[in-house]
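Novice:
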């Protein structure tokens with residue numbers, strides 16, 4: 001009797017090294033993952049080239065937000081002066097230099113006033129001209145536009161009206177006061193202080209708040 005051989009295939013449960021060949025951790029990654037590095041590098045190169053070769057009209061674009069901008073005026077700034085805002089390229093002077101003997105000095109533009117240095121009448125006059133008229137009156141309409149519905153709080157009843165000052169001049173005035181404080185022996189004479197201390201008077205002086213006097217002080221310095 002002739003024997004018949006038959007074959008059957010069964011999946012191996014374990015390979016020679018002890019691992020299951022059907023284990024998902026040993027499956028090959030799809031082709032997409034194999035080329036992911038090249039794809040990312042190509043996208044980066046394309047986006048970089050796109051940004052570099054944009055026309056100047058796009059690269060120089062200045063977004064304007066609801067709060068305004070420096071060259072057009074911010075929302076908190078005084079509206080009537082905004083049309084007069086202009087940008088100008090300026091070279092700043094004042095860099096330190098030294099003579100051969102070691103004495104230092106600052107570079108100065110001869111066409112501009114001097115605002116710093118050893119106290120002189122010319123420096124004081126330059127600051128006085130710069131800060132002159134830092135308080136000025138505005139109309140009822142301008143006050144309403146600037147301060148809103150509560151603008152009436154700023155209307156002085158003694159005829160001064162709406163008196164305001166721009167913050168830039170307030171800041172410059174503070175700088176001028178700091179300048180004087182650095183040369184206090186010149187602007188605040190030490191001798192006067194010594195005389196007052198040597199002749200101290202302990203008489204009590206009552207204090208009464210008189211806002212009219214304060215308003216007159218401000219009004220006298222308005223344009």
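Residue numbers (UniProt numbering): 1 to 223.
Built from N, CA and C at the ideal position, the CB exists for glycine as well.
Does the beta-carbon distance from residue 186 to residue 113 come in below 7 Å?
Specialist: Contact flag unset, no.
Novice: Would you be able to state if there are at least three C-beta pairs under 8 Å between the segment 156-168 and the segment 136-148?
Specialist: A contact exists between the segment 136-148 and the segment 156-168.
Novice: Buried or exposed, going by whether 16 or more other CB atoms sit within 10 Å of the CB of residue 150?
Specialist: Exposed is the call here.
Novice: Once the 5 residues before and after residue 154 are set aside, which same chain residues still bring their CB inside 7 Å of it?
Specialist: Same-chain partners within the cutoff: 143, 147 and 162.
Novice: Going by Cα to Cα distance, which pick from 124, 71 and 104 is closest to residue 88?
Specialist: The candidate whose alpha carbon is nearest that of residue 88 is 71.
Novice: Is residue 94 near residue 84, with beta carbons less than 7 Å apart?
Specialist: Not closer than 7 Å, so no.
Novice: In the DSSP output, which residue or residues are listed as bridge partners for residue 97?
Specialist: Answer by DSSP bridge pairing, in chain order: 105.
Novice: Let me know if residue 127 comes out buried or exposed under the rule of 16 or more other beta-carbons within 10 Å of its beta-carbon.
Specialist: Per the 10 Å Cβ criterion, buried.
Novice: Would you kindly check if the distance between the Cβ of residue 173 and the Cβ of residue 130 is under 7 Å?
Specialist: Result no, Cβ atoms of residue 130 and residue 173 do not sit closer than 7 Å.
Novice: With H, G and I counted as helix, E and B as strand and the rest as coil, what does DSSP make of residue 219?
Specialist: In this structure, residue 219 counts as helix in the three-state DSSP scheme.
Novice: For a test of your reading of the model: does the CB of residue 173 fall under 6 Å from any non-hydrogen atom of the ligand MN? Yes or no.
Specialist: Inclusion of the ligand MN in the displayed structure is not the case, the ligand content being empty and no account of it being possible.
Novice: Considering only C-alpha positions, which residue in the set 156, 183, 81 and 201 is nearest to residue 211?
Specialist: Nearest option by C-alpha distance: 156.
Novice: Taking the beta strand (DSSP E) that residue 165 belongs to, which residues open and close that run?
Specialist: First-last of the beta strand (DSSP E) with residue 165: 161-165.
Novice: I need the boundaries of the alpha helix (DSSP H) containing residue 136, first residue and last residue.
Specialist: No alpha helix (DSSP H) contains residue 136, which is instead part of the beta strand (DSSP E) from 135-138.
Novice: Would DSSP call residue 199 helix, strand or coil?
Specialist: Three-state DSSP puts residue 199 in coil, outside helix and strand.
Novice: Could you check the C-alpha separation between residue 110 and residue 175 for me, to the nearest Å?
Specialist: One C-alpha to the other measures close to 22 Å.
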